[in-house]
Amino acid sequence: MPSYTVFGASRGIGLEFVRQFAEDKDNQVFAVVRNPNNTPLLAEAMKTFKHNNVRIVKGDLDDLTSIKAAAAEIGDATGGSLDYLINNGAYIYSEGGALISLPDYSSEKVLEDDLFNTFRTNVVGVVNTINTFLPLLRKSAIKKVITLSTGLADTDVIIRSRVTINPAYAVSKAAVNMVVAQFAGRLQEEDFTFIALAPRLVNTTTKPPTPEELAAFQDTVQKFLKHSPQWDGVPLTPEQSVTYMRQVIDKVGPKDSGAFLSQFGNKQWL
Ligand SMILES: NC(=O)c1ccc[n+]([C@@H]2O[C@H](COP(=O)([O-])OP(=O)(O)OC[C@H]3O[C@@H](n4cnc5c(N)ncnc54)[C@H](OP(=O)(O)O)[C@@H]3O)[C@@H](O)[C@H]2O)c1
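Everything in the sequence shown is counted per our numbering, starting at 10 for the first residue and increasing by one.
1. Are the CB atoms of Pro244 and Leu210 nearer to each other than 8 Å?
2. Consult DSSP for Gln256 and reduce its assignment to one of helix, strand or coil.
3. Quick one: residues in its chain with C-beta nearer than 6 Å to the C-beta of His60, no 5 flanking neighbours on either side, listed in chain order?
4. When the Cα atoms are used, what is the spatial distance from Thr164 to Ala183?
5. Hey, could you find the ends of the alpha helix (DSSP H) Ala224 is sitting in?
6. Can you name, in chain order, every residue of its own chain whose Cβ lies under 6 Å from the Cβ of Trp278, other than the five neighbours on each side?
7. In terms of residues, what are the limits of the beta strand (DSSP E) holding Arg283?
8. At the level of alpha carbons, what is the spacing between Val189 and Ala268?
9. Pull up the DSSP beta-bridge partners for Ser12, would you.
10. For Ile65 versus Ala40, is the C-beta distance shorter than 8 Å?
11. List the DSSP bridge partners of Tyr93.
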C-alpha cells in the first residue's frame, strides 16, 4: 500500500496531488494542511473521492512542533513508514514584494521581511520537514522526496528572461534546490531519491487578479515568450501539471537524486 504525504494540500497543486493519488484505492494519502478545520476546497474535494484513503493531518511548515506531530500521526497510521513525501507548501506571495524587484522595495524593512518570511517557510520549513520524516522514509523501499521548485530558481532563466519580480520567493526556491542536493549527497548510500521539481506555470488562482497583478503577469508572459518561443503562453491547469509531474516522479530513482527538473523531467521549464 504506497503511502503519500503532501504538505500544503489545502488548494492548488497540493490539492491536485491529493486528488490524483486518491484515485488508486491502494494508496494511503495524507493531506497536510495548516488549518484542518478551515480548508473548504479540500473538504469539498473529499466528498468526491471514491475511496476512503485520504486523511487530513494538521501541519504548518513554520511550526516544527506541528511537523513532528504530523509525522507521529502519519507513522501511527502507516505502521512507521512513508514512501513519498511531497514538499509542496510554500510562501509564494507577499503584498510588499510580489510585483517588484530587489532594488524597488518600499523600505529595507519590507525587503528584509520578505526575504526572511520566504526563507523561513520555503527553506527552513522544508529542511525541518525532511529531517522529521526521515525515520519514516528510511523504513520504505521507495524513499522518494519531491520538493516543489520553480523555473524562476534557474539563474539562466532570470538572466535571459529578465523576469525579476517576486525576488524573495525566487531566491528561497534557489536555496531549496541546494537543500535537495545536500540531502541527496548526504544520503546517497541509502537509496533515497530527492528531487526539486518545477511544475511549469500553473493557474492556481482562487480570485480574479487586481489590475496591477494582471499587468505584471502579462509582462512576465511576454518576457517568457521571448526567452522560450516554443511555449504557448498558457498556464497549465493543476490537473495537467500534476499529471506531468507524476510521470517524472514515477521515472526518477536514486541515480537522479539531487536533480532540479522540470515537469518534463529535464530543464525545459516552459
Ligand atoms: N502555480 C505555479 O505557477 C507555480 C510555479 C512554480 C512553482 N510552484 C510551486 O508549486 C507549489 C504549489 O504552488 P501553488 O500554485 O499550488 O500554490 P498555492 O495555490 O498558493 O498553494 C500554496 C499551498 O501552500 C500552503 N502553505 C503556505 N504556507 C504554508 C505553511 N507555512 N505550512 C504549510 N503549508 C503552507 C497553502 O496553505 P494555506 O491554504 O493554509 O495558505 C497552500 O496549500 C509551491 O511550492 C510553488 O512554489 C507553483
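Ideal placement from N, C-alpha and C gives every residue a C-beta, glycine not left out.
Quick answer:
1. yes
2. helix
3. Lys34
4. 8 Å
5. 220-236
6. Gly160, Ala207, Ser271
7. Nothing about residue 283 can be reported from this structure: the residues present for the chain run from 10 to 279 only.
8. 8 Å
9. Gln37
10. yes
11. Tyr13, Lys153
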